Amino acid sequence: MAKTDSTGSTWRYRWAHRQNVRRVSTYRGAEAAWRRRDDELRRLRALAADFQGSVAAGAGLALELTADEVVLWALPAAQLVEVRHTTVLPAPDLTVAPRNGPLRPRRPDGVRVTDAGMAVITSRRLVLLGGRGRRDWAYGRITGLAHDPAAPVTLIQVLDRRRTSGLLLPVDAAPDFRFKLTLAFADAIEQRAAVLAQLDELIDEHAQLKPFRPAVATPGQARLSSFVPGGRRTIAVAAAIALLVPAALIESDPSDPTGGPEVAVAATPAPTASVAPALLRPPNPTLAPKPPSSKRTTSPRPTPTATQAPRCGAPANPLGYDFCGGTRIRKPAVEVCDWFDCVPQFWAGRGYLVQCRDGSVSLTGGRSNACAEHKGVRRTITK
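Those letters in the sequence shown? Residues 1 to 383, by UniProt numbering.
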């Protein structure tokens with residue numbers, strides 16, 4: 001027997017079931033992405049607190065250490081690279097935020113490989129023990145350092161060397177190498193506490209982004225638009241057509257091809273001199289027929305008024321979100337996906353609300369990969 005009550009027929013129950021399945025799926029994906037980033041931040045925090053080397057770690061290496069120098073980390077597979085053209089790198093900083101996108105195993109243009117060997121990070125310098133010799137980068141003489149955001153390449157400039165050089169590392173080892181090199185450089189300038197404080201701030205910031213469990217949809221919340229095939233999108237298209245058709249008719253201004261209404265004039269004999277002038281004047285001058293003008297007169301064409309859809313094209317919603325321009329939305333309401341078509345893994349986004357070119361809504365505004373799988377960004381959703 002069909003299940004019905006005061007909320008309506010069975011389509012409302014089907015709508016509530018679909019909504020709850022989609023909400024739970026979106027929430028679980030967002031929570032999994034949030035937890036992965038949280039685990040990575042906490043791993044880096046623990047590593048930064050306990051990162052230290054020893055003299056014994058350098059045993060067996062063809063490297064002479066100074067009296068107060070210790071080996072912090074060694075990577076057996078690294079390549080020495082040099083830049084063919086002159087470049088100016090930014091000054092070294094202590095940024096330790098984990099990367100958002102994966103690195104690609106490629107060598108940037110203008111960079112050539114000149115040697116290969118073992119990369120060693122000590123408390124005083126970065127060393128490459130290559131087959132053609134040894135290359136040192138002392139922290140105290142580094143004037144520029146840059147990590148390629150798309151490739152596992154780190155470039156370094158020092159005072160006593162004209163050509164910019166650096167290391168090309170395996171993709172899976174590059175993130176840890178960059179983080180440990182930052183820690184070693186921070187120790188050299190006595191700024192380890194600044195790195196720990198930055199990680200604590202990132203962890204607190206990320207904790208505020210933890211997704212909330214969505215509310216359960218009930219049949220009573222179903223809207224009539226859910227009963228229409230295509231939902232809100234079909235209604236929006238129909239509304240747009242209804243608004244555009246009158247505007248198109250006003251713009252076209254159809255008129256009578258004859259140039260105006262025809263005036264029928266009865267053929268009467270011309271008056272003679274014997275007829276009294278009083279008989280020729282009509283009793284009421286206002287009722288006298290006016291002769292048709294020889295010039296064609298047309299009424300001015302009405303100027304079509306600009307017709308705009310409600311909320312500048314955004315679907316009607318109680319959240320106040322629209323496409324008209326205003327404040328960007330970085331923390332949308334939990335029920336945003338009830339009113340907009342959210343992309344899969346919506347809550348995993350880290351940015352502001354945007355509409356993709358395929359009509360879906362994403363939380364990746366301001367990121368380099370915003371709407372990457374949905375034909376790119378179309379416009380920003382504001383409030």
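Don't be surprised by glycine CBs; every beta carbon is placed ideally from N, CA and C. It should be emphasised that the depicted structure is a prediction, and the values quoted were computed from it without experimental measurement.
Proximity of the region 70-86 to the region 107-123 meets the contact definition, three or more beta-carbon pairs being nearer than 8 Å. In the structure shown, Tyr352 adopts extended strand secondary structure according to DSSP, grouped into three states. One alpha carbon belongs to Glu64, the other to Thr143, and they sit about 24 Å apart. For Thr154, the enclosing beta strand (DSSP E) covers residues Val153 to Val158.
Distance check between Pro315 and each of Lys331, Val237, Ala59 and Trp347 places Val237 closest, using alpha-carbon atoms only. A straight line joining the alpha-carbon of Asp200 with that of Pro211 spans about 20 Å.
The DSSP-derived three-state label of Pro332 is coil. Between the alpha carbons of Pro332 and Asp93 lies a gap of roughly 33 Å. Residue pairing by DSSP puts His147 in a beta bridge opposite Thr154.
Ser25 sits exposed, since fewer than 16 C-beta atoms from the chains shown fall within 10 Å of its C-beta.
Apart from the 5 residues on each side of it in sequence, Ala188 sits with its Cβ closer than 8 Å to the Cβ of Ser123, Arg124, Tyr139 and Gly140 in its chain, given in chain order. DSSP places Thr10 in the uninterrupted alpha helix (DSSP H) bounded by Thr10 to Asp50.
One thing to note: Gly349 has its Cβ within 9 Å of the Cβ of Thr364. For Thr380, there is no enclosing alpha helix (DSSP H); the residue is found in the beta strand (DSSP E) stretching over Val377 to Thr380. Only residues of its own chain outside the window of five on either side were considered, and among them Thr154 and Arg178 have a CB closer than 7 Å to the CB of His147, listed in chain order.
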